[in-house]
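Sequence positions in the sequence shown follow this note's numbering and run 175 to 316.
We treat Cβ as the ideally placed atom computed from N, Cα and C, and that holds for glycine.
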Amino acid sequence: MERFTQNPTELLRGVGGVAIAGGVGSLIHHSFSSIIIGIYEVLAGTIIIFLEARTPTEEHKALVHKYASFMHSFVGRGVFYLLLGVLMLNYYTILYVCGSIVGFAGLVYIVLNFVPLVEAPSTMQAPVTDAEAQPVWQGPTE
175 MERFTQNPTE
185 LLRGVGGVAI
195 AGGVGSLIHH
205 SFSSIIIGIY
215 EVLAGTIIIF
225 LEARTPTEEH
235 KALVHKYASF
245 MHSFVGRGVF
255 YLLLGVLMLN
265 YYTILYVCGS
275 IVGFAGLVYI
285 VLNFVPLVEA
295 PSTMQAPVTD
305 AEAQPVWQGP
315 TE
């Protein structure tokens, strides 16, 4: 329990598995749109598991920062989870359950943004950038 009081986002680590379960549930309904949505949900769930399950290296942080920098903030991650959860709300009861869980996790992340006592976990830290390693454009001197 002490681990959860130090880092409340530990409770939200199972969201990726729930998103994959919702994606598989969407794949069961045989229509073109549900198959596309199911594939998207499975891919998003896999990315969520990748981001939440272990501490990312600096290369992984740089990749996420380049292509999905919204995942480095509570609000960005919360809105992503909320939209993914709303996307799951269709067809079957299990999808309503999965969508509600993922959407609720998104709301929790959005609320955590406004709680000053909670700092972002290591899975949400932006990569460390060296100011001297950044390319600098220098215009003409004349």
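Going by CA-CA distance only, name the one from the options that's closest to residue i.
i: Ala193; options: Glu232, Tyr241, Cys272 and His204; result: Cys272
i: Phe244; options: Asn287, Val292, Ile202 and Thr229; result: Asn287
i: Ala236; options: His204, His246 and Val289; result: His246
i: Glu215; options: Gly259, Thr267 and Tyr241; result: Gly259
i: Val289; options: Leu201, Phe248, Ile210 and Ile268; result: Phe248
i: Leu319; options: Glu233, Ser200, Ser205 and His204; result: Residue numbering for the chain in the displayed model covers 175 to 316; residue 319 lies beyond these limits and cannot be assessed.
i: Ile202; options: Val292, Thr267 and Phe224; result: Thr267
i: Glu226; options: Glu293, Leu291, Ser274 and Arg251; result: Arg251
Between residue i and residue j, how many whole angstroms is the CB-CB distance? I'm expecting something under 8 Å.
i: Gly219; j: Gly191; result: 7 Å
i: Tyr270; j: Leu261; result: Not confirmed; about 12 Å, so no contact.
i: Ile222; j: Val189; result: 6 Å
i: Ser207; j: Tyr265; result: So it is not a contact: roughly 11 Å between Cβ atoms.
i: Gly196; j: Val276; result: 7 Å
How far does the alpha helix (DSSP H) with residue i in it extend, from its first residue to its last?
i: Ser274; result: Thr267 to Asn287
i: Val189; result: Val189 to Ile202
i: Val292; result: Neither: Val292 is in no alpha helix (DSSP H) and is coded neither H nor E.
i: Phe248; result: Phe248 to Leu261
i: Ala218; result: Phe206 to Ala227
i: Ala236; result: Glu232 to Tyr241
* Examine the Cβ distances between the stretch 278-286 and the stretch 245-260 and report whether three or more of them are shorter than 8 Å. => Segments in contact, yes.
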